[in-house]
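Here's the structure we're looking at; comments come further down.
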Amino acid sequence: MITYEFWRHPETGEVWAVKLRNGIVVAACGPLHHDEIDHEFLEDLDYSEEGAASIEATRDRYGLVEDL
Numbered sequence: 002m003i004t005y006e007f008w009r010h011p012e013t014g015e016v017w018a019v020k021l022r023n024g025i026v027v028a029a030c031g032p033l034h035h036d037e038i039d040h041e042f043l044e045d046l047d048y049s050e051e052g053a054a055s056i057e058a059t060r061d062r063y064g065l066v067e068d069l
């Protein structure tokens, strides 16, 4: 199952959009400008597999952004 979420890095405040397959980060987009953070367009962002493994490996450092 493919899902999309916004994650915030608490140390930098940067927000990333992540694409997950079965709960694993497989692609990411970011860091995002505040104008790009909109749940309506989350699936349409320009995702890249580059860096996804790094985000997955450090996922405990990120927090889910639910209310924007």
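The sequence shown begins at 2 in my numbering and counts up one residue at a time.
The beta-carbon is built from N, C-alpha and C at its ideal position, and this holds for glycine as well.
Query - Beta-carbon proximity of Arg9 to Gly64, cut-off 8 Å - result: One thing to note: Arg9 has its Cβ within 8 Å of the Cβ of Gly64.
Bridge-paired residues (DSSP) for Val19
According to DSSP, which records beta bridges pairwise, Val19 is partnered with Glu6, Ala29.
Answer yes or no: do Ala28 and Glu50 have a C-beta to C-beta separation smaller than 8 Å? yes
Exercise. Which first and last residues belong to the beta strand (DSSP E) in which Leu65 is found?
Worked result: 64–66
- Item | Limits of the unbroken alpha helix (DSSP H) element including Glu57 | 53–58
Exercise. Pick from Val26, Lys20, Arg60, Glu57: whose alpha carbon is nearest that of Asp47?
Worked result: Lys20
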